[in-house]
Amino acid sequence: TLEEAGTFAIVLECTPAPLSKLITEKLAIPTIGIGAGPDCDGQVQVINDLLGLYTEFVPRHARQYARLAGEIKTAVSSYVSEVKSLAFPTAEHSYAMDESLIDVIASEAKQSK
């Protein structure tokens, strides 16, 4: 059996719900379903589907709990625009150091060439 072979769990993906139920009832190990109906011992979804990271494709077995694709596109576009216009990063987003230390490092770098 699967259990005797060392299987500790099994994922049932895109399996007809009645078959998933039968398999779950017959096995002592947990079944995890993705598109396999409600009778598996656990459920899993692909995070990209769950968060709505795609605008055009949603697998039959998935449900979007958010529609983040548009928000992500807007955020990335804003970031690119600010980098190109030099609005980001600013001093607020940078690390500072003692100016005299820069002179020492520059001098050492010049000597090591």
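Just so we're on the same page, this note's numbering is the position in the sequence shown counted from 1, plus 136. Yeah, the Cβ is synthetic: ideal placement off N, Cα and C, and Gly gets one too.
Expected contact under 8 Å - CB spacing of residue i and residue j to nearest Å
i, j, result
"I146", "I165", "6 Å"
Alpha-carbon to alpha-carbon, residue j and residue i
i, j, result
"L158", "P152", "10 Å"
"D177", "P195", "21 Å"
"L163", "F144", "10 Å"
"S221", "P174", "51 Å"
"S230", "S236", "18 Å"
"S217", "E161", "56 Å"
"S248", "I241", "11 Å"
"V212", "A141", "48 Å"
"D185", "F193", "9 Å"
"D234", "E207", "39 Å"
"K227", "V219", "It should be noted that the sequence gives Ala, not Lys, for residue 227. Approximately 13 Å between the Cα atoms of the pair."
"I168", "A198", "15 Å"
Test item: CB-CB of residue i and residue j under 8 Å
i, j, result
"Y190", "A205", "yes"
"G171", "E139", "no"
Test: residue i CB closer than 8 Å to a CB of chain C
i, result
"S221", "Included in the structure is just one protein chain, with no chain C present."
Residue(s) in a DSSP beta bridge with residue i
i, result
"L148", "G169"
Residue ranges of each alpha helix (DSSP H) within the segment 153–238, 4 or longer: Taking only runs of at least 4 residues, the alpha helix (DSSP H) segments lying wholly in the segment 153–238 are 153–162, 183–186 and 205–220.
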